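Sequence order for the protein chains is A and B. Terminal number for the first sequence in the working numbering: 655, no gaps in between. Terminal number for the second sequence in the working numbering: 1291, no gaps in between. Even glycine gets a Cβ: it sits at the ideal position worked out from N, Cα and C. Predicted model only: the values in this text are computed from it and were never measured. Below you'll find the structure, written out as structure tokens, and then a few comments.
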Amino acid sequence: MKAKLYIVLLLIIAIVNTYAQKFELGKVSVAELNEKKHPIDSSAVAAVLFKRGKTFFTYTNATGFTANHECEFRIKIYSLEGLSWANQKVSYYVGYENLNDDKVRFSSAVTYNLEDGKIVKTKLNNEGNFKTKINKYWNQATITLPNVKIGSVIEFKYVLESENLVRFPDFDFQYDIPVNFFEYKTEIPEYFIYNSLLKGSQEIETKMEVVDSKKEYALGYKQNNSLYSSKNIPALNKEEFVDNIDNYLGAIQNELETKRFPDMPVVDYARTWEGVAATIYKNKNFGDEIKIRNYYSKDLNGLLLHINTPVERLNVIFKYVQNKMNWNKVMGYYADKGVEKAYESKTGNVAEINFMLISMLKTAGIIANPVLVSTIENGIPVFPNRTVFNYVIAVAEIDGQKILLDITNKFTTSNVLPLNLLNWQGRLIKEDGSSKEIDLIPAIVSEDHYNIKATIQPDLRIIEGLLTVKRTDYSAFNFRETNGDKSKDIYLEYLENNLNKIEITDYFIDNKSQDLAKPVFESFNFKWDHSYDNIAGKLFLNPILFFTVTTNPFRQEVRQMPIYFGYPHRYIYTVSLKVPHGYSIESLPASIRIVTENKEASYVMNVNSEKDTVNIEVVKEINKAIFAAEDYDMLKNYFQQVIAKQNEKIVLKKI
Amino acid sequence: MKIKSLFLVLTICISIAVQAQKSEYNAQSISDSLKENANAVVRLNQIDILIASQRSMTIKTKRVITVLNEKGLRAIDAIEWYNKSTTVRSIEAIVYDGLGNEIKKIKRKDFKDQSAVSGSTLFSENRYVFLDYTPIVYPFTLIYESEVQTSTTAFIPEWKPLTDYFLSVEKSILNVNCPSNLGFKKKEANFSDFKIVKSTDTPTQLSYTATHILAQKREEYSPDFDVIFPVVTMGLEYFNLEGVDGNAKTWKEYGQWFSEKILSGTDDLSAETKTKIRTLVGNETDPIKKARIVYHYVQEKTRYIFIHVGIGGWKPMPASDVDRLGYGDCKALSNYTKALLEAVDVPAYYTELYGDEDKMDIKSDFVSIQGNHVILCVPNKDKYLFLECTSQDIPFGYQANFTDDRNVIVMKPDGGEIIRTKIYDDTDNTKSSKGSYTVAPDGTLSGTVTMVSEGTRYGRKYYLEKMQPTDQEKHYKEYWDNINNLKIDKLAFVNDKEAIRFTENVAISAVNYGTIANNKMMVPVNAFTQYTGSVKRIRNRKTPFEIARGSADSDEIKVVLPAGFSVEFLPANFESKTKFGSYTTEIIKKDDNNLIYKRTLFVKSGLYANKDYDEYRLFMEQVNRNDNAKIILTKN
């Protein structure tokens, strides 16, 4: 799967690029202005006719090397919805500690319109060019082009100058509108070696060469030139059940791997996962912070008095830190103010509070290590570099079993992490700097178990009964997180509406938050009006009553991105339905077993009757967290069958 | 000796504890009634407004909030805006735990400073400072104090003792001091049912204290918050707006001032542009027809963007700039359209209002700067036509769902005037569905339907035309969520902007629409307009409920049943009349296989009492149930 999403650009593919000369700013044609619809994607609201990027280095004695990232665009507007492309924003970083602020300069911004068959140019002047200080770290440069209407072609260019050479801004070449042609050139002095990475599923052409530099700052060195290009990149639009659309949008990324100046030792930034992990561990805000112990030792000694088994010790420490510490919502894998200060003030960032946990577990004699993670919002950590991670959690090892832990959240427990961490693999780092991959997607299947005992009251046209619910693991976590703060009244109102407007009485909840490792239980009596069709003396009702699903979550005909469910999930419905006095069973839906080809989703329903009781047991399972886009039809079809089956009626007739 | 020193240590401890404790705001001392349904409790919210002169106002805030859980954090509201005319003189906070022990002092430098640029705002001179605090324990109490100084006295903050749902109030105080010569005035609303004491009310001083307000639940279909809960609106007859002095006792005077000081000089156009628009209008003499031509010209030429500069964003960008650049915000585009209309001798007036789906009025009995949006008013004999100038695609004169049925302030040449905008009558908001469907012996449905939407319903539909095909598909699959396995076979739209009528022609098919079991087939008769939604159950509804816009549906669908089956059961005709509207269904049996299904649903707009809500819910439930009525067929 991973291989499909990312292609590592290592080979030198010698394909001579033939488009390079055709696209220059200022050469807008009448044909482009006359075009009413995109020739390939007729629904496109706008299209990038071309995007050209170039990254090159400049040098001054005062500041050393600066990376210059140039971008040129020509965009065609087809409809009103496309007008927003006439507003362009570029954010740039101004929060460096030791570097000068980034700079952005827009230029060559022009709108082209066709008036009476003639091309009319309107240039952007200062009126439509703004700079804004967003906050301490970020500024934003904005332009809004003049005279843009349906049919216009716009052009602009911007240069982002940055002394930060570690990571280039991503060169995006796929948007929610089509891109007809793009080209990205990097010219990098031989002193810097970058890892290049292609994101998304589009194939592109790559050409690389080594040339003599003609720049003034130092003669006689070589320069590595790379040219990436492609054409007809289709639009990628939002779809449901997607982890993060950014994972699938085409872009070229560059991260610094090595610095090797003549007569100076080579500086290795990152080459392998091992290298990345070791570099991170060596940072004083990482490994060293885990080693500090004295700030908590007194508290911990008290805590562990008479607690001897490793599992108990883990649980006690976990609960203690989870209760004491409060996450300030700042992500990252380095400590900021440090664990000691965080402990004292009871607040900290992700690294500080999870380091505390790791350190205490170690002190308590449990093997524990940090795991670097990329959250869902941050994308997939696929190629070894430091910038792919944005989070750190803990892993403990007891009797050879690995237990993932994160205490930023008040409802997490052993092996239950916040949902935005369920993203491919994390990187476990040991104290010696060695590291390995560790799966973050849970293997365990979380369960929702609904047990219904119901009676039909034909005189009142209602069904009433008792429902008990048990939720385990991630399902329990999700429940606690969503409803933990709600007052009983508000929760019940939500539940009543969610379960097809049943009326709830005698609500009881057990283990709402006492022992997070154990399931949550709910039970209540319900009364359900208009719960079945009464037609010509016959009652028609759905076997799993108000849990019946009537619409397929997958509506689209075609799918572009993988389907993400988060975690494996099993739903069990056990219904015992009493046939009312004076009625008998006319027909029951047949028992069935629906299983997808790859056996990763299934639906099993058993129906039988015993005297005046109908017993239904349904087990619905989705055993995988993420499915490939190619599996879409299979999944859609599966849901379709499940819905059809859930809507097959139990028929009771009047005797 | 030993005892003595111990005593000393003890007293030091106590005195330290006393210093750092605010026992009055101990979370335990909150009464149970105030905790019910509350995410946070306002212990005290004291606002002192000192108006020193027409050009100087100071607002001091002291707010003590006990936050009970994470959802209550927003009640802290530690945020102050500033710009060229407004300065934040001081801002700070102290946090105490539930027992009243001090946890943390937060100084001005710990507040974050941020630009107001976001989303559709491309540029703004406004900035804000705000507190981003991570609680370490719940409940906790935060004391927030700020002082803001401004030269803009045109806006005195409204006093709302209750500011949000799920928030209760122990005490809320307002004190206003103002020189007697500025014409200070106020308007109270919705005070009944709340404990509010007015302790001072003189021409120069005003004081209120509100106590013990219980937390309110948000309920669906509620009128706007400000319509149900207490609010005091205040203003000056002599005021200053971002450096511009003004005075107005009446709307007439307000309009005169606004036209003279704010609008004047913004409506010049080049001779070339004037000639161009005159040529375009040609020999047309009817002012409304001329306006239509100009309106379409503006729609094609311009686009909406939001840039917040100039005097607080109150003065429109000059019409000549809009002409040159082809963009502007609501003020600029309205003003530009006005200038073009004047060039062809059609009078048009700049109009301020609240643009919102909720019908929010300019308070006609309280002269002050109000509103959040600008449109244009064109006199049409003894009536008025209103033009929304920020949209490039809505029909000429269309107002539904955003600027309809509300009081607005129109800047006429001789001064301001309050005018009510167009009202869309319940019976004009129609949707008619006509079509037919066939059910095959295997239960497959295939059919076509033509749906015509007018009035407010047009506004809910016309955008369909511009959607991406995948989104259109999604829309119809949601719209017909009663039809499982739905396939859209054909889709065509007619957007008649002259008549303001949107027509959808859709052909659909679906396997297993009729469900077969034991030689019988069940067919839900209403395939195309089944109401599958529902009105939420609400436990003990407290607020009145409002149906803001009525509607009238009528359907006539031919149904062709499969050959080889005979009808065992047909749903009975149904009729229901309530104060909220009426609903009828009728099935006419033409022969063994052909039926005609007729249905009407009329919903009346209105404001209803809280106790009526359940009745309304049951009415809609009836609709839901009857819309789902099924025909039973038996195989011959």
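Kindly list, in the order they appear in chain B, the residues whose Cβ is closer than 8 Å to that of residue i.
i: Q640(A); result: N1139 and N1140
i: N328(A); result: T789
i: K346(A); result: I791 and V792
i: V148(A); result: R958, G981 and Y982
i: L83(A); result: R958 and Q1047
i: H530(A); result: E1276 and R1280
i: E496(A); result: R1192
Are there 16 or more other CB atoms within 10 angstroms of the CB of residue i, so buried, or fewer, so exposed?
i: S359(A); result: buried
i: H306(A); result: exposed
i: D243(A); result: buried
i: R1194(B); result: exposed
i: K1285(B); result: buried
i: A14(A); result: Residue placement at A14(A) is poorly supported in this model, since its pLDDT is 39, which falls under 50; the coordinates still yield a value, given next. Flag for A14(A) reads exposed.
i: Q425(A); result: buried
i: M972(B); result: buried
Out of the options, which one is the CA nearest neighbour of residue i?
i: E600(A); options: P580(A), F565(A) and K291(A); result: F565(A)
i: T596(A); options: M634(A), H569(A) and I563(A); result: M634(A)
i: Y532(A); options: K645(A), I650(A) and E35(A); result: I650(A)
i: Y296(A); options: N254(A), E344(A) and V266(A); result: E344(A)
i: K76(A); options: N254(A), E493(A) and V153(A); result: V153(A)
i: K1234(B); options: P1217(B), Y1263(B), D1246(B) and N1249(B); result: Y1263(B)
i: A517(A); options: T309(A), Y93(A), D473(A) and I572(A); result: D473(A)
i: L1256(B); options: K1266(B), I1212(B), L723(B) and D1208(B); result: D1208(B)
i: F286(A); options: L422(A), S446(A), M356(A) and N647(A); result: M356(A)
i: R52(A); options: I252(A), N409(A), Y59(A) and T66(A); result: I252(A)
i: V1166(B); options: T930(B), K841(B) and T1099(B); result: T1099(B)
i: N1249(B); options: S1221(B), S1108(B) and G1261(B); result: S1221(B)
Kindly list the residues whose CB is nearer than 6 Å to the CB of residue i, restricted to its own chain and excluding five residues on each side of it in sequence; keep chain order.
i: Q21(A); result: Low confidence applies to Q21(A): its pLDDT is 43, below 50, so where it sits in the model is not reliable, and the reading given next is rough at best. Excluding sequence neighbours, Q21(A) sits near nothing in its chain.
i: W1135(B); result: L1141
Just the chain B side, please: which residues come within less than 7 Å of residue i by C-beta, in chain order?
i: K133(A); result: S770
i: K501(A); result: S1189 and R1192
i: F130(A); result: L777 and F778
Leaving aside the five residues before and after residue i along the sequence, list all residues of the same chain whose C-beta is less than 7 Å from its C-beta, in chain order.
i: N1281(B); result: F1229 and T1240
i: S914(B); result: M1066
i: I143(A); result: Q88, F106, A109, L124, G128, N129 and F156
i: I1287(B); result: K1175, M1177, E1223 and F1224
Name the one or two DSSP bridge partners that residue i has.
i: A394(A); result: P370(A) and L405(A)
i: W1135(B); result: Looking at the DSSP assignment, W1135(B) forms no beta bridge with any residue, so it has no partner.
i: D765(B); result: None, per the DSSP bridge assignment.
i: N608(A); result: N615(A)
i: Q223(A); result: P189(A) and V211(A)
Residues of chain A with a CB under 9 Å from the CB of residue i: which are they?
i: D765(B); result: The premise fails here: D765(B) is roughly 12 Å from chain A at the closest Cβ pair, so nothing lies under 9 Å.
i: R1115(B); result: Chain A residues near R1115(B): none, gap ~18 Å exceeds 9 Å.
i: N692(B); result: S487, D489 and I490
Could you work out which residues of chain A lie near residue i, taking near to mean beta carbons separated by less than 8 Å?
i: D1048(B); result: L80
i: I731(B); result: Going along chain A, no residue has its Cβ under 8 Å from I731(B), so there is no contact; the nearest lies around 15 Å.
i: E1109(B); result: Going along chain A, no residue has its Cβ under 8 Å from E1109(B), so there is no contact; the nearest lies around 22 Å.
Which chain B residues are close to residue i, counting only those with a beta carbon under 9 Å from its beta carbon?
i: V676(A); result: Given a span of 1 to 655 for chain A in the structure shown, any question on residue 676(A) remains unanswerable.
Against residue i, what residues of chain A qualify as contacts under a CB-to-CB distance less than 7 Å, listed in chain order?
i: L1042(B); result: Result: empty, since nearest Cβ-Cβ is about 18 Å, beyond 7 Å.
i: T1125(B); result: N237 and Q556
i: F1229(B); result: Those do not exist, as F1229(B) stays about 14 Å from chain A at its closest Cβ, beyond 7 Å.
Near residue i, what residues of its chain come up, given a Cβ to Cβ distance below 8 Å and the 5 sequence neighbours on each side ignored?
i: K486(A); result: Y494
i: V316(A); result: L303, L304 and I307
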